[in-house]
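Residues 513 to 934 (the numbering used here) are what the sequence shown spells out, left to right.
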Amino acid sequence: MSQTGVQARRSAVYLLDKVIGEGRLMSELIGAGALDKLEPEDRARAQRLALETLRGMERADRILQKHLAKYPPLTVRNALRLATVELCAGGAAHGVVNAAVEIVGRNKRTASMKGLVNAVLRKVAADGQDIWPTLRVPRLPKWLRGPLVEAYSPEIVAAMEAAHFEGAPLDLTAKGDQGALQRSLGGELLPTGSVRLSEAGQVTQLPGYKRGSWWVQDAAAALPVQVLAPKEGERVLDLCAAPGGKTMQIAAKGAEVTAVDDSEARMKRLRENLKRTRLKTETVVGDVMEQEGQWDAVLLDAPCSATGTIRRHPDLPFAKDGSEIGSLIGLQAEMLDHALGLVKPGGRLVFCTCSLLPDEGECHIDDILAQRDDVTVDRSALDLPGIDPAWITEEGGLRLRPDHWADKGGMDGFYVACLRKG
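Pasting the structure below:
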């Protein structure tokens, strides 16, 4: 067993322990340096293994439970889960089983369970691959599944879960001509203009990365700025802007952008992205509620439950329990009301959240229309290439779901609405 394979797997188990045991998000852990000691190839492998294990955990647990009289400690369980997912995907039994045994053996508290791990995984290696495809698609936790079934239907939620289980390809937004980007990288030019790569490899090694010709951005996340339709010379305020995908879209259209975010760490990433793409914007570390002035257009990508991003972030249902959603809804309403005060008469505001919950999307627009007579929904802003009219909601917003474009690899869940100020 090469030491490099064990290191990547051990780091993946560490990530799983933190996500499941402590409710930490993988992006937080990686940002805090959890994988910094690994070589780039092993970093990517550890992250991929952890993500695949989270996506397939329900199936892995079903397979493991018939071989376990009782659940072992979390680290042992996560080593077993990771190995089960690898074995059921066709991983070589010898390497996978030996790595799991070594990971468990290195920890004094779990070393006595090496024999159990070896015995269980030998059984999984014998029949796991046959059982895996017969098990149901893993389901969302009850705290999220219940409200989504109520908002949509059991069939739609099942289609979303299938999209989550498939994971996500890599979507890119071109700084310039998207057709030229597609020709240089291959992949698929999506109807809305993003370029989608199913097999990307290491992002930083792709042609055009160092030149700043493009940036990574899910196709759904690229739509709010298309709806905003910034024009050259317009003054645009981008609220909750980091890590900057939407900021760069606005700047690439020639608008004068001021990007605001309350996190210095996230703003640092935004500035790095701006430097790479050689796009100019003003950046402000500050609170949305303290911003002043009058702007031609405002983009508010409000803090939310991020439930629309589970196909990319399968750790989210394990790290969260929905308890923060009520306070987020209140914050979104306050931000939306304040942001509308920053829009010039005749100007426009695009409100968006990467949430699947109508309380974080459609309901806000219903409420603001009921409260204010100086605001209207601009439905014509949604008349864009690639937008299916079926995605447009009753109040005039755009509801994007993971199961949309299922044949192309899906998209993130988003809500987008354009408001005009009288």
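Glycine is no exception: its CB is placed at the ideal position from the N, C-alpha and C atoms.
Contact between Pro829 and Pro653 holds: CB atoms are separated by about 5 Å, below the 8 Å threshold. Around the beta carbon of Met625, 16 or more other beta carbons lie within 10 angstroms, which makes this residue buried. Judged by pairs of C-beta atoms under 8 Å, the segment 519–529 touches the segment 604–616, as three or more such pairs exist. Excluding sequence positions up to five before and after Gly820, its CB lies within less than 6 Å of the CB of Cys866, Ser867, Leu868, Asp924, Gly925 and Phe926, all in the same chain and listed in chain order. Rounded to the nearest whole angstrom, the CA to CA distance from Pro870 to Glu662 is 10 Å. In the three-state scheme derived from DSSP, where H, G and I count as helix and E and B as strand, Pro857 is classed as strand. Under a 10 Å Cβ-count criterion, Thr646 is classified as exposed, with fewer than 16 other Cβ atoms of the shown protein chains found around its own Cβ.
Within the DSSP bridge table, the entry for Phe863 names Leu812 and Ala929 as partners. For Trp655, the enclosing alpha helix (DSSP H) stretches over residues Lys654 to Ala663. Under the three-pair Cβ rule at 8 Å, the segment 828–843 does not count as touching the segment 776–792. In the assembly as shown, Thr716 is an exposed residue. Its beta-carbon has fewer than 16 other beta-carbons within 10 Å. Between Trp807 and Leu751 a beta carbon distance of about 10 Å is seen, past the 8 Å cut, so the two are scored as non-contacting.
In the three-state reduction of the DSSP assignment, Glu551 falls in the coil class, being assigned neither a helical nor a strand state.
By the criterion of a C-beta distance shorter than 8 Å, Ala712 is surrounded in its chain by Pro681, Leu682 and Leu718, once the five residues flanking it on both sides are discounted. Put simply, the backbone Cα of Asp879 is about 13 Å away from that of Glu906. If you look at Thr795, you'll find it in the beta strand (DSSP E) that goes Glu794 to Val797.
Between Leu576 and Val632 the beta-carbon gap is near 7 Å, inside 8 Å, which marks them as a contact. A distance below 7 Å separates the beta carbons of Gly756 and Leu782.
Close CB contacts of Ala605 within its chain, under the 7 Å cut and outside five residues either way in sequence, are with Leu599 and Ala637 (chain order). Here Gly699 is near Leu709, since their CB atoms are less than 7 Å apart. If you look at Val769, you'll find it in the beta strand (DSSP E) that goes Glu768 to Asp773. Inter-segment contact for the segment 580–595 and the segment 546–555 is absent: fewer than three beta-carbon pairs are separated by less than 8 Å. Leaving aside the five residues that flank Gly640 on each side, the residues in its chain whose CB is nearer than 7 Å to its CB run, in chain order, Ile575, Thr596, Leu599 and Cys600. Between the beta-carbon of Gly798 and that of Val772 there is about 6 Å, and that keeps the pair under the 8 Å contact cut. Within a 10 Å sphere around the beta-carbon of Ser665 sit fewer than 16 other beta-carbons, which makes this residue exposed. Per DSSP, Thr587 is one residue of the alpha helix (DSSP H) stretching across Leu586 to Cys600.
When Ala731, Gly908, Cys930 and Ala777 are compared, the shortest CA-CA separation from Lys920 is found for Ala731.
Val887 is positioned such that its CB atom lies no closer than 7 Å to that of Gly908.
Linking Leu812 to Val862 through their CA atoms gives a straight-line distance of about 6 Å. Between Arg823 and Ala675, the C-beta gap is smaller than 7 Å, which places the two residues in contact. For the 7 Å CB-CB criterion, Lys620 and His579 do not form a contact.
When secondary structure is reduced to three states using DSSP, Ala686 falls in the strand class.
Shown here, Asp529 sits in a helix according to DSSP, grouped into three states.
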